[in-house]
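Participant: Here you go, one structure.
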Amino acid sequence: MPTNAAPAAPRAGLKQWFGLVMLLLPTALMTADLGVLWLATPYLTADLQPTSSQLLWVTDSYGFMTAGFLVIMGTLGDRIGRRKLLMIGSVLFIAASVIAAYAPSALVLIIGRGLLGIAGAAVLPSTLSLITTMFVDARQRGAAIAAWVTALSLGLGVGPVLGGVLLGSFWWGSVFLIAVPVMVLALVTAPVLLPEYRDPAAGRLDLLSVLLFLLGILPVVYAIKHAAESGVDVAFGVALVVGLVFGTLFVRRQRALPNPLIDVRLFANRTFTMALVTLMLGMMALNGVEYVVPQLLQLVSGMSPMDAALWLLPSAAGLMLGSQLTPPLTRTFRPAYVIGGGQVVALVGYAMIWATGEGYGGGVLASVGLTVVMFGVAPISVLCTGIAVGSAPAEKAGVAAGTGQTSYELGLALGIAVVGSVSVAVYRSDVADRLPAGLPEDAVAQVRDTLGSAVAVSETLPGAQGAEVAAVARAAFLDGFHASAIFSGAVALVLTVLVVTLLRHVPSTPRATEPAEPTEPGPSAEAVGPAAPAAAVEPVPNAADEDAADEGAAGDPPRAQAPAADPEGSAADERERVERV
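If you want it as structure tokens, here you go:
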């Protein structure tokens, strides 16, 4: 009998489990914060009177800043410590929440939301990294990460309910103050319950890459929104050219750096590229309609904030159910067919949203449609980052995971920027054609901006004229709403064809007899976020052999993998890398 058997990995104790509970609260807050904003949109619109473009920026400035800073925050956390970064992010989140809550103008609210995005980029990956540090035992780590993923879904469902309660009694800014007690609790308990984690081999910070990334994407987004608001003109062309120039500079810099922010060389692998394109476009299509449904429920269907919140709750359940069903399905069917089948289901949901009419019943149909969409999109959220990581070389797994999370966040932000702009363009065009004659010019300008502004203006007009303006604005908003559903449905249809065609060589998940020991996370492995729940990452066929893949391609040669980690060495390394202070 061998005497040098490797000892079992140390199991987490009560302190670690209490620490997990503490980490789950800010995790749930990240998605809850977005849900409450959607619900508060009609109220902040009536108060701050933003333009249609500003209203889109209020929502998606968070996502663009998160996408831009996510990877750089991972490197920063490796250098200064994950617990310290979590606490710094919590302080910034509190400050930004207060700025957003008491914003006197749309511009200040946009700035506050952008700061919240930077804070979120610090907090969310820190929570997952600390979980993988605290839980070394394979089974315990799997359970802890599953709880982390569940917290993200619960936040999406609970957020609107909390927002509905607050909006029923307080001003719209109160929804941002939900974060304050949660982050204060994190600051108080983190030094007691959480270990510190640093990576002595952490890469250097490259703030220039972050700047080039943002200067590449934001002008393009501005061009899209400007076209929706004012049409294609000189400002549109200048913004588009500026974005393309800086985007080109960003790509060139990433090619030259030994440790790039985003390793663009990975995109030469067709599997990697297609997986992340699917992730980004799937999230874009979803978030585009997810942004307008809460406004429809309140401003067109006439629901109270609480009623709207309760009707949004099933959509979170649809996402959770789809996420739970995806892993067992991939043990029977290839991921491409699971993702493609999910997109067919999502198409049904988009069709239901397209069929939505006015009145309370129309709002109920939109809610059911959104639930079906969330269920159908779940396989994209669960599988795509894993496919991308599995197609990358073993030594690039952490970078691939971080790029996957960036694609996820970028897709969410683009959903509001692109699909939201489609809705705005249709609304502005329709309402301009239908408004009754004789309205003051300033009233016409406000009505054309947003539905919330139109409703506010209608309440200041004489009875019959005000009612006509409100009816015209609601009908125009519904047309824009239908256009966003058609656009998102078209994206889902295209994705179905592309995924089934270009990712069909990715094999189904083997039926393992026992769970595999997770490998030691690399410096950036913690960047895996809601786009990649705790599913095992399997190697996928080499991109060089993809053109020869067909329905029986499960035997294609896999990517070379790093040797299996020695359990004793992994546990020892884990303990050595954790500095308890």
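Each residue of the sequence shown is one higher than the last, beginning at 2 in the working numbering.
Each residue gets a CB set at the ideal place from its N, CA and C atoms; glycine is no exception.
Every value quoted in this text rests on a predicted model; they were computed, and no experiment measured them.
Go through the stretch 119-182 residue by residue and report every complete run of the beta strand (DSSP E) that reaches 3 residues or more, in order.
Facilitator: Runs of the beta strand (DSSP E) inside the stretch 119-182: none found.
Participant: What residue range does the alpha helix (DSSP H) around Val365 cover?
Facilitator: Residue mapping note: residue 365 aligns to position 364 of the sequence shown, counting from 1. Taken as a continuous stretch (DSSP letters only), the alpha helix (DSSP H) holding Val365 covers 361-392.
Participant: Between the alpha carbons of Ala122 and Met74, how many angstroms are there, rounded?
Facilitator: Position 121 of the sequence shown, counted from the first residue, corresponds to residue 122. Position 73 of the sequence shown, counted from the first residue, corresponds to residue 74. About 6 angstroms.
Participant: Comparing alpha-carbon positions, which option in Tyr338, Ala317, Gln299 lies nearest Ala47?
Facilitator: Translated into positions along the sequence shown, residue 47 becomes position 46. It is Gln299 whose Cα lies nearest to the Cα of Ala47.
Participant: Can the beta-carbon of Ala102 be found less than 8 angstroms from the beta-carbon of Leu188?
Facilitator: In the sequence shown, residue 102 corresponds to position 101, counting from 1. In the sequence shown, residue 188 corresponds to position 187, counting from 1. No. Outside cutoff.
Participant: Could you give the residue range of the alpha helix (DSSP H) that holds Gly289?
Facilitator: Walking along the sequence shown from the start, residue 289 turns up at place 288. Gly289 -> alpha helix (DSSP H) spans 271-296.
Participant: For Thr502, does the count of other Cβ atoms within 10 angstroms reach 16, so buried, or fall short, so exposed?
Facilitator: The residue you call residue 502 lines up with position 501 of the sequence shown. Per the 10 Å Cβ criterion, exposed.
Participant: Output needed for Gly453: all residues of its chain with C-beta closer than 6 angstroms, excluding positions within five of it in sequence on either side, in chain order.
Facilitator: Along the sequence shown, read from residue 1 onward, the residue named residue 453 stands at position 452. Taken in chain order, the residues that qualify are Pro43, Thr46, Ala47.
Participant: Do you know whose CA, among Leu215, Val432, Pro161, Val425, lies nearest Leu313's CA?
Facilitator: Walking along the sequence shown from the start, residue 313 turns up at place 312. Among Leu215, Val432, Pro161, Val425, the Cα nearest to that of Leu313 is on Pro161.
Participant: Starting from the Cα of Arg429, find the closest Cα among Gly481, Ala457, Ser392 and give me that residue.
Facilitator: If you number the sequence shown from 1, residue 429 lands on position 428. Of the listed residues, the one whose Cα sits closest to Arg429 is Gly481.
Participant: Pick helix, strand or coil for Val419, following the three-state DSSP scheme.
Facilitator: The residue given as residue 419 occupies position 418 in the sequence shown. It is helical.
Participant: Hey, is the stretch 71-86 in contact with the stretch 110-130, meaning 3+ C-beta pairs nearer than 8 angstroms?
Facilitator: Verdict: yes, contact present.
Participant: If we require 4 or more residues per run, which alpha helix (DSSP H) segments fall completely within the stretch 27-106?
Facilitator: Counting whole runs of 4 or more residues, the stretch 27-106 contains the alpha helix (DSSP H) stretches 53-81, 83-102.
Participant: In the DSSP assignment, the alpha helix (DSSP H) including Thr461 goes from what residue to what residue?
Facilitator: Position 460 of the sequence shown, counted from the first residue, corresponds to residue 461. Counting along the chain, Thr461 falls outside any alpha helix (DSSP H), and DSSP gives it neither H nor E.
Participant: Candidates Val456, Thr133, Val176, Gly362: which alpha carbon is nearest Arg12's?
Facilitator: Mapped onto the sequence shown, residue 12 falls at position 11. Nearest C-alpha to Arg12: Thr133.
Participant: Rounded to the nearest angstrom, how far is the Cβ of Val445 from that of Leu436, given a contact under 8 angstroms?
Facilitator: As a first step, residue 445 must be located in the sequence shown, where it is residue number 444. As a first step, residue 436 must be located in the sequence shown, where it is residue number 435. Between Leu436 and Val445 the Cβ distance is about 6 angstroms, and since that is below 8 angstroms, they are a contact.
Participant: Since Phe247 is in the alpha helix (DSSP H), which residue starts that stretch and which ends it?
Facilitator: Locating residue 247 in the sequence shown gives position 246, where the first residue counts as 1. Counting along the chain, the alpha helix (DSSP H) containing Phe247 begins and ends at 235-257.
Participant: Span of the alpha helix (DSSP H) holding Gly341?
Facilitator: Along the sequence shown, read from residue 1 onward, the residue named residue 341 stands at position 340. Run containing Gly341: 336-355, per the alpha helix (DSSP H) assignment.
Participant: For Gly341, does the count of other Cβ atoms within 10 angstroms reach 16, so buried, or fall short, so exposed?
Facilitator: Residue 341 sits at position 340 when you count from the first residue of the sequence shown. With 16 or more other Cβ atoms within 10 Å, it is buried.
Participant: Would Leu280 and Thr331 be called neighbours here (beta carbons separated by less than 8 angstroms)?
Facilitator: Reading the sequence shown from its first residue, position 279 is the one you call residue 280. Reading the sequence shown from its first residue, position 330 is the one you call residue 331. The answer is no: Cβ separation not under 8 angstroms.
Participant: As a quick exercise: from Thr510, Leu262, Arg199, pick the residue whose alpha carbon is nearest that of Gly82.
Facilitator: Mapped onto the sequence shown, residue 82 falls at position 81. Checked all of Thr510, Leu262, Arg199; the closest Cα to Gly82 is Arg199.
Participant: Does DSSP put Ile487 in a helix, in a strand, or in coil?
Facilitator: Locating residue 487 in the sequence shown gives position 486, where the first residue counts as 1. Ile487: helix per DSSP, three-state reduction.
Participant: Check each candidate in Ala401, Leu155, Ala236 and name the one with the smallest Cα separation from Gly324.
Facilitator: Residue mapping note: residue 324 aligns to position 323 of the sequence shown, counting from 1. At residue 324 the sequence reads Ser, which differs from the Gly that was named. Residue Leu155 is the option with its Cα nearest to Ser324.
Participant: Short of 7 angstroms in beta carbon distance, which residues of its chain neighbour Gln17, apart from the five on each side in sequence? Order them along the chain.
Facilitator: Against the sequence shown, residue 17 aligns to sequence position 16. Contacts found: Met135, Phe136.
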